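> Residue numbers (my numbering): 37 to 232. By construction, the Cβ of each residue, glycine as well, lies at the ideal position given by its N, Cα and C atoms. The model shown is predicted, which means the values in this text are computed figures rather than measured ones. My structure is below; once you've seen it, I'll send some questions.
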């Protein structure tokens with residue numbers, strides 16, 4: 037892929053990330069500061085459309101004969117993570133805006149070592165698994181479309197943008213598991229529900 041086309045795809049990914057936050061924060065500002073509930077709903081519903089636009093751009097780029105690139109692989113990872121974490125991120129931000137600007141309840145963070153914290157670690161890791169699965173599925177579709185064979189060596193794998201990112205997804209998922217729920221135990225019931 038020519039450098040300018042790959043750069044354009046990187047710009048599209050960065051623009052998608054920026055649009056995600058603009059729509060999210062804009063929707064919450066309109067809801068809680070301007071008190072325009074219906075408009076905020078439309079803005080927040082626009083958040084998934086960012087993903088649709090990015091998929092369309094990647095598909096159009098590949099349809100025009102673009103060679104496999106790290107930018108395409110990163111777009112797949114971005115889509116996986118926004119689909120898996122998008123709703124939770126919106127709910128997290130909404131709870132904080134509601135508390136700060138609409139006299140809502142203070143967000144609650146489970147106490148360290150509590151069962152609620154352990155459940156939260158498992159939920160977060162399962163979102164990582166979902167994100168990695170979505171990204172891996174998209175990358176495998178890209179591999180199938182390109183007709184790329186499975187790499188025969190670690191060196192070939194490291195050189196190919198899709199296969200190398202597929203391998204990296206496995207490492208990230210395993211690392212997140214080890215850093216999160218793997219050694220968290222079951223948690224202590226008496227520590228649940230502590231305020232942030």
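Below 8 Å on the Cβ atoms is my contact criterion, and I expect residue 171 with residue 216 to pass it. Report the Cβ-Cβ distance as a whole number of Å.
Along the chain shown, one-based indexing puts residue 171 at 135. Along the chain shown, one-based indexing puts residue 216 at 180. Actually they are not in contact, since the Cβ atoms of residue 171 and residue 216 sit about 19 Å apart, beyond 8 Å.
> CB-CB under 8 Å to residue 108, same chain, minus the five flanking residues each way: which ones, in chain order?
Numbered from 1 along the chain shown, position 72 holds the residue referred to as residue 108. Around residue 108: 45, 94, 97, 98, 102, 178, 197, 198.
> Would you say the beta carbon of residue 47 is closer than 7 Å to some non-hydrogen atom of the ligand ZN?
By its list of ligands, the structure shown contains no ligand whatsoever, and the ligand ZN lies outside what it can speak to.
> If we ignore side chains and look at the alpha-carbon of each, how far apart do residue 79 and residue 187 end up?
If you number the chain shown from 1, residue 79 lands on position 43. If you number the chain shown from 1, residue 187 lands on position 151. So the alpha carbons of these two residues sit roughly 43 Å apart.
> Considering only residues of the same chain and omitting the five flanking positions on each side of residue 48, which have a CB-CB separation below 7 Å?
Taking the first residue of the chain shown as position 1, residue 48 is located at position 12. If we look at residue 48 and ignore the five residues flanking it on each side, its Cβ neighbours are 90, 93.
> My guess is that residue 126 and residue 66 are in contact by the Cβ rule of under 8 Å, so how many angstroms apart are they, rounded?
Residue 126 sits at position 90 when you count from the first residue of the chain shown. Residue 66 sits at position 30 when you count from the first residue of the chain shown. That pair is no contact at about 14 Å.
> If residue 166 and residue 120 are in contact, beta carbons under 8 Å, what's the gap, nearest whole angstrom?
For the purposes of this step, residue 166 is taken as residue 130 along the chain shown, with counting starting at 1. For the purposes of this step, residue 120 is taken as residue 84 along the chain shown, with counting starting at 1. The Cβ separation is near 4 Å, so the contact holds.
> Restricting to Cα atoms, I'd like to know which of 151, 210, 201 is closest to residue 222.
By one-based count along the chain shown, residue 222 stands at place 186. Ranking 151, 210, 201 by Cα distance to residue 222 puts 151 first.
> Measure from the alpha carbon of residue 105 to the alpha carbon of each residue in 195, 118, 204, then state which is nearest.
As a first step, residue 105 must be located in the chain shown, where it is residue number 69. The shortest C-alpha separation from residue 105 is found at 195.
> Whose C-beta lies closer than 6 Å to the C-beta of residue 229 among residues of the same chain, with five residues either side of it excluded?
Walking along the chain shown from the start, residue 229 turns up at place 193. With a pLDDT of 45 at residue 229, under the threshold of 50, the modelled position of that residue is not reliable, and the figure given next carries that caveat. Excluding sequence neighbours, residue 229 sits near nothing in its chain.
> Going by DSSP, what residue range makes up the alpha helix (DSSP H) through residue 146?
To locate residue 146, count along the chain shown from 1; it is residue 110. Careful: residue 146 lies outside any alpha helix (DSSP H) and carries neither H nor E.
> Beta-carbon separation of residue 128 and residue 212 under 8 Å?
Residue 128 sits at position 92 when you count from the first residue of the chain shown. Residue 212 sits at position 176 when you count from the first residue of the chain shown. It is not a contact, given that the beta carbons lie outside the stated cut-off.
> Starting from residue 224, trace the alpha helix (DSSP H) both ways and give me its first and last residue.
In the chain shown, counting from the first residue as 1, residue 224 sits at position 188. Careful: residue 224 lies outside any alpha helix (DSSP H) and carries neither H nor E.
> Looking only at its chain, what residues have a beta carbon closer than 6 Å to the beta carbon of residue 87, apart from the 5 residues adjacent to it on each side?
One-based indexing of the chain shown puts residue 87 at position 51. Closer than 6 Å at Cβ, skipping near neighbours: 115, 118.
> Taking all protein chains shown into account, decide if residue 205 is buried (16 or more other Cβ within 10 angstroms of its Cβ) or exposed.
Position 169 of the chain shown, counted from the first residue, corresponds to residue 205. So residue 205 counts as buried.
> Quick one, which of 52, 193, 183 has its alpha-carbon nearest residue 111's?
Taking the chain shown and counting its residues from 1, the one referred to as residue 111 is at position 75. Checked all of 52, 193, 183; the closest Cα to residue 111 is 52.
> Is it right to say residue 73 is buried, meaning 16 or more other beta carbons lie within 10 angstroms of its own, or is it exposed?
As a first step, residue 73 must be located in the chain shown, where it is residue number 37. With fewer than 16 Cβ atoms within 10 Å of its Cβ, residue 73 is classed as exposed.
> Should residue 153 be labelled buried (16 or more other beta-carbon atoms within 10 Å of its own) or exposed?
For the purposes of this step, residue 153 is identified with residue 117 of the chain shown, where counting begins at 1. Buried.
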